[in-house]
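> Have a look at this one before I ask anything.
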Amino acid sequence: MTAETILAWYDRHARTLPWRSPPGASPPDPYRVWLSEIMLQQTTVAAVKPYYERFLARWPSIEALAAAEDAELMAAWAGLGYYSRARNLLACARTVVAEHGGRFPASSAELRRLPGIGDYTAAAIAAIAFGEPAVVVDGNVERVVARLFALESKAAVRLQAAALTPAERPGDYAQAMMDLGATICTPRNPACAICPVRSDCRAFALGAPEAWPVRPPKPAKPHRRAFAFWAEADGHVLLVTRPAKGLLGGMRALPTGAWDAQPSLDDAPFPAPWRLLDPPVRHVFTHFSLDLSVACASVRRDNAAGEWWPMDRLDQAGLPTLFDKAARLALRERMTETATAC
DNA sequence: AAATCGTGGCC
DNA sequence: TGGCCAAGATT
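Pasting the structure below:
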């Protein structure tokens, strides 16, 4: 019942998105569905669009993507965040090419085994690209279903979501639920007045749609400090590649010291007359905030561990946003030369 | 299984 | 402006 209403709404109000086929049309290329779904994990549509277009133009097929080098793919992902997605993207592409003949497996169960594909993404690709009536539960669906039935537990939401999922047009239905959640049943100030299923909605009837879904309180973010070192020589700056796992894993970066303790200039990659830029770069991650002080020095270009990167091509290094901020600060200070010696 | 993992936009 | 949030996965 409700599913039909939502599909009818989708037929008239579906968003037009670069990775999407219109309602009722033949399903899009699984490669495109997969690429978009990975990028969209915990990431807004607006942020994904330019990355998706760039990736698709540069790597139009899974074979092309599988042949990419790690460094160029990580650089292309720079700025989008959650960088383990990029590593898993490449691992997944190579697995599909090497073990599945370059074709994505068509079932959610098989998709689920691939790197970077969890319960949600497996169901979404199976439904959208292959027409499997998989139960697709993302943050949008959780919110819509929790409100429709005034449910508090994730388990209850999943059961209801499964009961609601239609055998026909499962891909359109999944996207319809996500569009409904993204444009009408929003986290704050939901547009209940124009909601197609308002009359079926318990949360609306109870007069407090925003009370669902119930979120556990979030712990406070600790604050950390660190130094980043801008070492320049002969028009080049020293960059390192961070370890594959952990924060900003696998990304190019400025050398840094320890994050947390009282940061020390002793953590520099080598002794130099470091000048401290002010103010530090402030950056907020998911679970902590950071003040990154940038220390600059002109040095002799030697065999320090890392890459000496041409400063006039720094935009091609693929620095994540934190280090892009630090680099911009250093380049700006470099023009004005007002740094304080220390 | 709780912690970890980015970033930008919004109010 | 600071907290909240976004088409979650991994360990």
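Numbering (UniProt numbering), first residue to last: 1 to 342. Beta carbons: idealized from backbone N, C-alpha and C, even for Gly.
#1: In three-state terms, what does DSSP make of T256?
#2: Could you name the residues of the same chain whose beta carbon sits closer than 6 Å to that of T121, not counting the 5 residues immediately before and after it, in chain order?
#3: Report the three-state DSSP secondary structure of R282 (helix, strand or coil).
#4: Closest to T16 by CA distance: which of K245, A220 and T183 is it?
#5: Any idea what DSSP makes of R225, helix, strand or coil?
#6: Considering only the beta carbon of each residue, do M177 and V141 sit closer than 7 Å?
#7: The beta strand (DSSP E) spanning C296 covers which residue range?
#8: Run through DSSP, which three-state label would residue 343 get?
#9: Tell me which residue opens and which closes the alpha helix (DSSP H) that V197 is part of.
#10: Ignore the nearest five residues each way along the sequence and tell me which others in P170's own chain have a CB closer than 7 Å to its CB.
#11: Check T241 in the structure and name its three-state DSSP category.
#12: Which same chain residues, not among the five before or five after P30, have their C-beta less than 6 Å away from its C-beta?
#13: Apply the 10 Å Cβ neighbour rule to V294 and answer buried if 16 or more other Cβ atoms are within range, or exposed otherwise.
#14: Tell me the DSSP secondary structure of E168 in three-state form.
#15: For D11, which residues of its own chain have a beta-carbon under 6 Å away from its beta-carbon, when the five flanking residues on both sides are left out?
#16: Under the three-state reduction of DSSP, which class applies to E232: helix, strand or coil?
#17: So, for V97: in the same chain, excluding its five sequence neighbours on each side, which residues have a beta-carbon less than 7 Å away from its beta-carbon?
#18: On a Cα-Cα basis, can you pick out the residue from A191, R20, A327 and E307 that is closest to D315?
#19: Below 7 Å between beta carbons: does that hold for T5 and P196?
#20: Rounded to whole angstroms, what is the Cα-Cα separation between S199 and A47?
#21: With a threshold of 16 other CB atoms inside 10 Å of the CB of F285, please say whether the residue is buried or exposed.
#22: Measuring CB to CB, does C185 end up less than 7 Å from V144?
#23: Once the 5 residues before and after E69 are set aside, which same chain residues still bring their CB inside 6 Å of it?
#24: In whole angstroms, give me the CA-to-CA distance for N303 and T336.
#25: Using DSSP with H/G/I as helix, E/B as strand and the rest coil, what is R275?
#26: Would residue 356 pass as a contact of W274 if the rule is Cβ separation under 7 Å?
#27: What residues in its chain sit with their C-beta under 7 Å from that of A341, if we drop five residues either side in the sequence?
#28: In this structure, how does DSSP classify W19 when only helix, strand and coil are distinguished?
#29: What residue does the alpha helix (DSSP H) around F34 start on, and which one ends it?
#30: Compare the beta carbon distance of R252 and L319 with 7 Å and say whether it is the shorter of the two.
Taking the structure as given:
#1: Of the three classes helix, strand and coil, the one that applies to T256 here is strand, per DSSP.
#2: For T121, the CB contacts under 6 Å within the same chain, skipping 5 residues up- and downstream, are E37 in chain order.
#3: R282: strand per DSSP, three-state reduction.
#4: Of the listed residues, the one whose Cα sits closest to T16 is T183.
#5: Residue state, collapsed to three classes: strand.
#6: Using a Cβ distance threshold of 7 Å, M177 and V141 count as a contacting pair.
#7: Following the DSSP letters along the chain, one finds C296 inside the beta strand (DSSP E) bounded by residues S289 to S298.
#8: Examination of residue 343 is not possible in this model, given that the chain is present from 1 through 342 alone.
#9: Taken as a continuous stretch (DSSP letters only), V197 belongs to no alpha helix (DSSP H), as it is neither H nor E.
#10: The beta carbon of P170 sits closer than 7 Å to those of A127, G131, E132, P133 and A134, all from its chain and outside the five residues before and after it, given in chain order.
#11: Three-state result, T241: strand.
#12: Correct list, in chain order: F104 and A129.
#13: Counting Cβ neighbours within 10 Å, V294 comes out buried, since at least 16 surround it.
#14: If DSSP states are grouped into helix, strand and coil, E168 belongs with coil.
#15: Cβ within range, chain order: P23.
#16: DSSP places E232 within a strand segment (E or B) once states are collapsed to three.
#17: Same-chain partners within the cutoff: I62, E63 and A66.
#18: The shortest Cα separation from D315 among A191, R20, A327 and E307 belongs to A327.
#19: For T5 and P196, yes; Cβs fall inside 7 Å.
#20: Going from the Cα of S199 to the Cα of A47 covers about 34 Å.
#21: So F285 counts as exposed.
#22: Taking the C-beta atoms as reference points, V144 is found nearer than 7 Å to C185.
#23: Hits under 6 Å: none found.
#24: For N303 and T336, the gap between their C-alpha atoms comes out near 29 Å.
#25: Secondary structure of R275 (DSSP, three-state): strand.
#26: The structure shown does not extend to residue 356, since the chain spans only 1 to 342, so no value can be given for it.
#27: At A341 the pLDDT is 45, less than 50, meaning the model places this residue with poor confidence; the figure from the coordinates comes in the next sentence. Scanning its chain for C-beta atoms nearer than 7 Å, with the 5 sequence neighbours on each side dropped, one finds around A341 the residues R275, in chain order.
#28: Secondary structure of W19 (DSSP, three-state): coil.
#29: In the sequence on display, residue 34 carries Trp and not Phe. Membership of W34 in the alpha helix (DSSP H) is indicated by the continuous run P30 to L40.
#30: Annotated as proximal: R252 and L319, with beta-carbon spacing under 7 Å.
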